[in-house]
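Colleague: There's a structure below that I have some questions on.
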Amino acid sequence: MISPLDRKLGDVLGGRTAAAFGKAFGMVTVGDLLSHYPRRYAKRGELTALDELPIDETVTIVAEIRTVKERSMASRRGSILEVTISDGRGIVTLTFFNQSWRAKDLKPGMRGIFAGKVGRYKGALQLAHPDYELFPDEEQVGMSGPSAHAWAEAPVPIYPATSTIASWQIAKCVALALDGLDRIEDPVPDHLRERFGVIHFGAALELVHRPKRDGDWKAARDALRLQEAFVLQAALLEQRIVARAVAATARPAAPGGLLERFDAALPFTLTGDQQVVGEDIARDLAAPVPMNRLVQGEVGSGKTLVALRAMLQVADAGGQSALLAPTEVLAAQHLRSIARTLGPDLSARLMPTLLTGQLPAAERKRALLRIVSGQASIVVGTHALLGDQVGFFDLGLVVVDEQHRFGVEQREALRAKGGTPPHVLVLTATPIPRTVAMTVFGDLDVSTISELPAGRAGIESFVVPLADHPGWTNRVWQRAAEEIEKGRQVFVVCPAIDAKHPAEDDGEAPETDDVPAGPTASVEATMQLVAGVEALAGRRIAALHGRMSADEKDAVMQDFAGGRIDLLVSTTVIEVGVDVPNASTMIVLDADRFGVSQLHQLRGRVGRGGVPGLCLFVTSAEQGSTARERVDAVAGTLDGFELAQIDLELRREGDVLGATQSGGRSSLRLLRVVADADLIGEARIAAGELLEEDPILAGHPALREAISRRLDESSREFLAKN
Ligand code: ADP
Ligand code: MG
Numbered sequence: 001m002i003s004p005l006d007r008k009l010g011d012v013l014g015g016r017t018a019a020a021f022g023k024a025f026g027m028v029t030v031g032d033l034l035s036h037y038p039r040r041y042a043k044r045g046e047l048t049a050l051d052e053l054p055i056d057e058t059v060t061i062v063a064e065i066r067t068v069k070e071r072s073m074a075s076r077r078g079s080i081l082e083v084t085i086s087d088g089r090g091i092v093t094l095t096f097f098n099q100s101w102r103a104k105d106l107k108p109g110m111r112g113i114f115a116g117k118v119g120r121y122k123g124a125l126q127l128a129h130p131d132y133e134l135f136p137d138e139e140q141v142g143m144s145g146p147s148a149h150a151w152a153e154a155p156v157p158i159y160p161a162t163s164t165i166a167s168w169q170i171a172k173c174v175a176l177a178l179d180g181l182d183r184i185e186d187p188v189p190d191h192l193r194e195r196f197g198v199i200h201f202g203a204a205l206e207l208v209h210r211p212k213r214d215g216d217w218k219a220a221r222d223a224l225r226l227q228e229a230f231v232l233q234a235a236l237l238e239q240r241i242v243a244r245a246v247a248a249t250a251r252p253a254a255p256g257g258l259l260e261r262f263d264a265a266l267p268f269t270l271t272g273d274q275q276v277v278g279e280d281i282a283r284d285l286a287a288p289v290p291m292n293r294l295v296q297g298e299v300g301s302g303k304t305l306v307a308l309r310a311m312l313q314v315a316d317a318g319g320q321s322a323l324l325a326p327t328e329v330l331a332a333q334h335l336r337s338i339a340r341t342l343g344p345d346l347s348a349r350l351m352p353t354l355l356t357g358q359l360p361a362a363e364r365k366r367a368l369l370r371i372v373s374g375q376a377s378i379v380v381g382t383h384a385l386l387g388d389q390v391g392f393f394d395l396g397l398v399v400v401d402e403q404h405r406f407g408v409e410q411r412e413a414l415r416a417k418g419g420t421p422p423h424v425l426v427l428t429a430t431p432i433p434r435t436v437a438m439t440v441f442g443d444l445d446v447s448t449i450s451e452l453p454a455g456r457a458g459i460e461s462f463v464v465p466l467a468d469h470p471g472w473t474n475r476v477w478q479r480a481a482e483e484i485e486k487g488r489q490v491f492v493v494c495p496a497i498d499a500k501h502p503a504e505d506d507g508e509a510p511e512t513d514d515v516p517a518g519p520t521a522s523v524e525a526t527m528q529l530v531a532g533v534e535a536l537a538g539r540r541i542a543a544l545h546g547r548m549s550a551d552e553k554d555a556v557m558q559d560f561a562g563g564r565i566d567l568l569v570s571t572t573v574i575e576v577g578v579d580v581p582n583a584s585t586m587i588v589l590d591a592d593r594f595g596v597s598q599l600h601q602l603r604g605r606v607g608r609g610g611v612p613g614l615c616l617f618v619t620s621a622e623q624g625s626t627a628r629e630r631v632d633a634v635a636g637t638l639d640g641f642e643l644a645q646i647d648l649e650l651r652r653e654g655d656v657l658g659a660t661q662s663g664g665r666s667s668l669r670l671l672r673v674v675a676d677a678d679l680i681g682e683a684r685i686a687a688g689e690l691l692e693e694d695p696i697l698a699g700h701p702a703l704r705e706a707i708s709r710r711l712d713e714s715s716r717e718f719l720a721k722n
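Note that UniProt numbering gives residue 492 to position 492 of the sequence shown, counting from 1, and the numbers run on in steps of one.
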């Protein structure tokens, strides 16, 4: 039997209205409409702040009619009806052309809810041809049904609306849908509802849309929020069970094998965390079910080394490993550092091979052959590795470096490449707070490396606030010159390539959108600027950005790594994983254009060897702006976990889960990963208990349906985007 929530919207609202809702909000089913929750609730007694209306935006306001005036137009035939409404703080004029009949409804003293686009006409705010709904006269209401008092008490739901569909039109359609709704089942089982003290799903839907008093919608939201957390966790845990139900080839460690030889030759000892995480991975690889593990750890904490050891274990068991890097530069660098770390003897045996989109045809062919024949035990590449022509002989392990650049879908595509599913290891330096890990990567096991290898010299960070001290730019170049004088190297990072190309062209868009307007420091302009800085005269300076060819980029990176460049002006292409121990200084221009984790990553490029690091965040953002707060926060701490938390707090809710990471962000409506951390944790435990008892949810059909509805929704989103 089809759930009432899965009924087509057209069956309930009629085809035309349903189509309008589909177009405006992407809604298809009754469930979609009913999960379009009010953004807030207005009181009929309470009026909205009219003095803060944003020009050019569509607004919904509750106000009282003050005056109604009709006049004829000077230049054309016809009349204009002008109605002023007020909330006691501000006044807005409603204008209607040739609609004098509206004066019959619109009477001074009446209150109502008005919606339209805010404009300005001769200095006054106005809404031209707004939609409106007047509240019935309180006395009339008293005579014909519910008491006037009850009516005045009821909160008015204000929905996220568009210019074509106003809030109360949504309310009307929701009411239709609610009236036609049969009894619906609650995906949250009775005993859990009792444990959490929340109301039934059916009641919650009614009260979130048609509350009678304030407490109603609060209780409704509590129930719906729990349901969201519970269904999400059940879905993720189930995915986990499914992933573990398929067979994978076990790749146990081989005594006396390549890994042991590698370990014996390591010039340092593993940190405690590297050891623990290494054991987790070794155990996972030895099992006949696919590993799905996320390793998170600070930049430079030795994740790549941990991954390399995993590849060696797989090679010992006869399998190949693929390392997926987010950029060509990084892939090339990984290959070089892997070859170096392995040493000539092991490299000859494992034949680490590069495969990226920009390889010349002959080289590409050779690489493909080595991969398909199984000669190459270690393959490093960008997403070119996901291409159809790339066949592996026996793919045993996929390592994804820097998950935050990589979508779930891509991870899946590579997973599908093995004959039997390969083991998957995901590395990230973006520290992920526990709740986000649970929400986004709930299907992964998480290991954390928090210890840094000994002997790191540390990093000092400073904000250079040009808004307060415009003259400090010179000091920045002075500092750079001093570092170079000491034999060190300097990175200068800009948000844009040139005036026309934001660094987005690198596929490396800043991860935030509340950036100030105005010109942005670019690689091109900065190259010109530093050429004129006297302190830097005679220094070797080069540029690096995503519009250069892979060969050019690679050559520059090699020159920089080899100490043949003193100062490198670049975009965020150098953000992740680039490892040049002699680089001491990171200068980020217009630092406020970057997100918290990007800044943290950039800073991680220096202070990697025994050389103390210096990081200068140059910004013109005003003190107190969010953009500035972000920069200050990063300068204020080196603790990535603390920064991740700050980042979440500074970001707007919707941005918390990047679309590529969440693979279904639309499913989070009321749930907030930070504020609801505890609830998410409890829901996860509850979902785990339930699945333990009933792994296929045979006794919980409503939960089954809710999970598949959730998946449907994410795949619909995914299709819409691609
Ligand atoms: P990550 O990938 O986490 O950024 P890497 O694995 O690239 O870190 O390691 C950073 C640097 O530290 C590399 O040069 C690596 O050889 C070195 N390194 C890794 N583990 C250790 C260790 N236990 N002791 C000393 N140096 C280490
Ligand atoms: Mg790394």
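Built from N, CA and C at the ideal position, the CB exists for glycine as well.
Could you check which residue in I184, V573 and E689 has the C-alpha nearest to that of H191?
Modeller: Ranking I184, V573 and E689 by Cα distance to H191 puts E689 first.
Colleague: When every heavy atom of ligand 1 is checked, does at least one fall within less than 7 Å of the C-beta of V299?
Modeller: Yes, since a heavy atom of ligand 1 falls inside the 7 Å radius drawn around the Cβ of V299.
Colleague: Roughly how many angstroms separate the alpha carbons of W101 and T520, rounded to a whole number?
Modeller: So the two alpha carbons sit approximately 54 Å from each other.
Colleague: For T164, count neighbouring C-beta atoms within 10 Å of its own C-beta (all shown protein chains included) and say buried if the count is 16 or more, exposed if not.
Modeller: Exposed is the call here.
Colleague: Per DSSP, R120 forms a beta bridge with which residues?
Modeller: Beta-bridge pairing links R120 to L125.
Colleague: What three-state label does DSSP hand N98 in the structure shown?
Modeller: Coil, per DSSP.
Colleague: Out of R40, F135, V28 and S3, state which residue places its alpha-carbon closest to the alpha-carbon of A63.
Modeller: Answer by Cα proximity: F135.
Colleague: What do you reckon, is the C-beta of A429 under 7 Å from a heavy atom of ligand 3?
Modeller: What this structure holds is ligand 1 and ligand 2, not ligand 3.
Colleague: Under 7 Å Cβ to Cβ from T420, same chain only, skipping five residues before and after it: list those, please.
Modeller: Excluding residues within five positions, the ones whose Cβ falls inside 7 Å are A247, A248 and T249.
Colleague: So, does the stretch 613 to 624 touch the stretch 462 to 482, judging by three or more C-beta pairs under 8 Å?
Modeller: Yes, the stretch 613 to 624 is in contact with the stretch 462 to 482.
Colleague: Can you tell me whether DSSP reads F617 as helix, strand or coil?
Modeller: If DSSP states are grouped into helix, strand and coil, F617 belongs with the strands.
Colleague: So, helix, strand or coil for M586, using DSSP?
Modeller: Of the three classes helix, strand and coil, the one that applies to M586 here is strand, per DSSP.
Colleague: Starting from the N-terminal side, write out each stretch of the beta strand (DSSP E) that is 3 residues or longer and does not extend beyond the stretch 467 to 491.
Modeller: DSSP runs (the beta strand (DSSP E)) wholly in the stretch 467 to 491: none.
Colleague: Which first and last residues belong to the beta strand (DSSP E) in which R66 is found?
Modeller: Its beta strand (DSSP E) spans residues T58 to S72.
Colleague: By Cβ distance below 6 Å, which residues in the same chain neighbour L294 in space, the five residues on each side in sequence not counted?
Modeller: For L294, where only same-chain residues beyond five positions count, the Cβ hits under 6 Å are V426, F441, L444 and V446.
Colleague: Could you round the C-beta distance between G357 and A384 to whole angstroms and report it? I think they count as a contact, below 8 Å.
Modeller: At roughly 4 Å, the Cβ-Cβ gap stays under 8 Å, so G357 and A384 are in contact.
Colleague: Check the DSSP bridge columns for P157 and list the partner residues they point to.
Modeller: Partner(s): Y41.
Colleague: Give every residue of the same chain whose Cβ lies closer than 6 Å to the Cβ of residue 735, excluding the five residues on either side of it in the sequence, and list them in chain order.
Modeller: No answer is possible for residue 735: the residues shown for the chain start at 1 and end at 722.
Colleague: Rounded to whole angstroms, what's the CA-CA distance from S337 to P612? Just pull it up for me.
Modeller: Taking the straight line joining both Cα atoms gives about 22 Å.
Colleague: Are V198 and A223 close, meaning C-beta to C-beta below 8 Å?
Modeller: Going by C-beta atoms, V198 is nearer than 8 Å to A223.
Colleague: What span of residues does the beta strand (DSSP E) with H383 cover, start to end?
Modeller: No beta strand (DSSP E) holds H383; DSSP gives it neither H nor E.
Colleague: Taking Cβ positions, are D551 and R225 nearer each other than 8 Å?
Modeller: Not in contact: D551 and R225 (Cβ atoms no closer than 8 Å).
Colleague: Within a Cβ cutoff of 7 Å, which residues of the same chain sit near A287, ignoring the five residues on either side of it in sequence?
Modeller: Counting only Cβ-Cβ distances below 7 Å, and skipping sequence neighbours, we find A250.
Colleague: Thinking just about the alpha-carbon of each residue, which of Y41, P290 and G532 is nearest to the one in W168?
Modeller: W168 has its Cα closest to that of Y41, out of Y41, P290 and G532.
Colleague: Below 7 Å, is the gap between the Cβ of K303 and the nearest heavy atom of ligand 1?
Modeller: For ligand 1, at least one heavy atom lies less than 7 Å from the Cβ of K303.
Colleague: Taking V372 and G391 to be in contact with their CB atoms under 8 Å, please state how far apart those CB atoms are, rounded to whole angstroms.
Modeller: At roughly 5 Å, the Cβ-Cβ gap stays under 8 Å, so V372 and G391 are in contact.
Colleague: Using 10 angstroms around the beta-carbon of E228, count the other beta-carbons present and answer buried if the total reaches 16, otherwise exposed.
Modeller: So E228 ends up on the buried side.
Colleague: Could you compute how far the alpha carbon of residue 725 sits from the alpha carbon of P470?
Modeller: Given a span of 1 to 722 for the chain in the structure shown, any question on residue 725 remains unanswerable.
Colleague: Given 7 Å as the limit, tell me if Q598 has its C-beta closer than that to any heavy atom belonging to ligand 1.
Modeller: Result no, Cβ not under 7 Å from ligand 1.
Colleague: Does the Cβ of Q274 lie closer than 7 Å to at least one heavy atom of ligand 1?
Modeller: Answer for Q274: yes, Cβ within range of ligand 1.
Colleague: My output table needs one value for I165: the three-state DSSP class, helix, strand or coil.
Modeller: If DSSP states are grouped into helix, strand and coil, I165 belongs with coil.
Colleague: What's the call for N292, buried or exposed, on a 16-neighbour Cβ count within 10 Å?
Modeller: N292 is buried by the Cβ-count criterion.
Colleague: For G300 and Q239, I'd like the C-alpha separation in whole angstroms.
Modeller: In a straight line, the C-alpha of G300 is about 32 Å away from that of Q239.
Colleague: For ligand 1, I want to know if P453 counts as a neighbour, meaning its beta carbon is within less than 7 Å of at least one of the ligand's heavy atoms.
Modeller: Yes.
Colleague: Look at the alpha carbon of G10 and the alpha carbon of R16, and state the distance between them as a whole number of angstroms.
Modeller: Rounded to the nearest angstrom, the two C-alpha atoms are 8 Å apart.
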